[in-house]
Amino acid sequence: MTDAAGALKQAMTSIEGAIGAALVDYNSGMALATLDGPGGLDLNVAAAGNTDVVRAKMRTMDMLGLQDGIEDILITLTSQYHLIRPLGGRTGKGLFLYLALDKSRANLAMARHQLTRVEADLEV
């Protein structure tokens, strides 16, 4: 099992093209842990902004009566991928992993797979 800082370090080192990662509380919009790389992203701003994305999707699912869970949310920019992965399990409720990737260096399928492994090892 890995703590938040270790999980983000694992994401940044094991996922090709990673330029920033955060563990975020979507109830407050606050980043509990961040680790930036060569992307120069303001991960606290990203945490707050992506909290709105998660909340909007959850609200929409509720209005549609969907009982399904969110596996991940992908935002594709011209030069980047942004992955949002709400945590499952009893201790992960209300948290999500955020990962920004350089699109030219990342393999999206592998990044999603690796982020799933990071989540499985994470203990909060």
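Numbering-wise (my numbering), the sequence shown opens with residue 1 and increments by one. For each residue, glycine too, the CB sits at the ideal point set by N, CA and C.
Neighbour-count burial assignment, residue i, 16 or more Cβ in a 10 Å radius
i, result
"Leu95", "buried"
"Leu122", "buried"
"Leu66", "exposed"
Span of the beta strand (DSSP E) around residue i
i, result
"Val24", "18-25"
"Ala100", "95-102"
"Gln80", "80-86"
Cβ distance (whole Å) where residue i is taken to contact residue j below 8 Å
i, j, result
"Tyr98", "Ala18", "At roughly 11 Å, the Cβ-Cβ gap does not stay under 8 Å, so Tyr98 and Ala18 are not in contact."
"Thr51", "Gly29", "4 Å"
Range covered by the alpha helix (DSSP H) that runs through residue i
i, result
"Ala31", "No alpha helix (DSSP H) contains Ala31, which is instead part of the beta strand (DSSP E) from 30-36."
"Thr76", "Here Thr76 belongs to no alpha helix (DSSP H); instead the beta strand (DSSP E) covers 73-76."
"Val54", "43-64"
"Ala106", "First-last for Ala106: undefined, no H or E at that position."
Alpha carbon of residue i to alpha carbon of residue j, nearest angstrom
i, j, result
"Ser14", "Arg105", "13 Å"
"Leu115", "Tyr81", "13 Å"
"Ala120", "Leu101", "20 Å"
"Val124", "Thr78", "33 Å"
"Asp62", "Thr2", "32 Å"
"Gly88", "Met110", "20 Å"
Sub-8 Å separation of residue i and residue j beta-carbons
i, j, result
"Ala4", "Ala33", "yes"
"Leu83", "Arg117", "no"
"Leu186", "Leu23", "Here the chain covers residues 1 to 124 and nothing more, so residue 186 does not appear."
"Gly20", "Gly37", "yes"
"Val53", "Pro86", "no"
"Ile75", "Lys57", "no"
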